[in-house]
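The opening residue of the sequence shown carries number 52 in this note's numbering; numbering runs sequentially from there. Every residue gets a Cβ at the ideal spot worked out from N, C-alpha and C, and that includes glycine. None of these values were measured; they are calculated from a predicted model. First the structure, in the form of structure tokens, and then the observations on it.
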Amino acid sequence: MLLAIVDLGYQSCWYEGHITDIDRFCDKIAEILNVPDDFDDIAITVLQCYGK
Numbered sequence: 052m053l054l055a056i057v058d059l060g061y062q063s064c065w066y067e068g069h070i071t072d073i074d075r076f077c078d079k080i081a082e083i084l085n086v087p088d089d090f091d092d093i094a095i096t097v098l099q100c101y102g103k
């Protein structure tokens with residue numbers, strides 16, 4: 052997926068969100084984005100246009 056994003060002219064970054072049960076970074080992001088509780092977020096990909 053990251054290679055396809057770059058091929059389309061975007062920059063990207065992958066955040067691993069569930070390395071251990073203590074470190075659940077994606078849970079914090081899911082709360083901010085109002086993701087339903089029945090989803091288990093494990094990673095996030097951030098996109099940005101070059102030069103913007």
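Query raised in the report: According to DSSP, is L53 helix, strand or coil?
Result: As a first step, residue 53 must be located in the sequence shown, where it is residue number 2. In this structure, L53 counts as helix in the three-state DSSP scheme.
Query raised in the report: How is I93 classed by DSSP in three states: helix, strand or coil?
Result: Stepping through the sequence shown from its first residue, residue 93 is reached at position 42. DSSP places I93 in coil when its eight states are reduced to three.
Query - With 16 other Cβ atoms within 10 Å as the buried cut-off, status of C77 - result: Within the sequence shown, residue 77 is the residue found at index 26, counting from 1. The residue in question, C77, is buried, as its Cβ has 16 or more Cβ neighbours within 10 Å.
Query raised in the report: According to DSSP, which residues form a beta bridge with C100?
Result: Counting from 1 along the sequence shown, the entry for residue 100 is found at position 49. Note: C100 sits in a beta bridge opposite Y61.
Query raised in the report: Looking at the unbroken alpha helix (DSSP H) that takes in I80, where does it start and where does it end?
Result: To locate residue 80, count along the sequence shown from 1; it is residue 29. F76 to I83 is the span of the alpha helix (DSSP H), which, as asked, contains I80.
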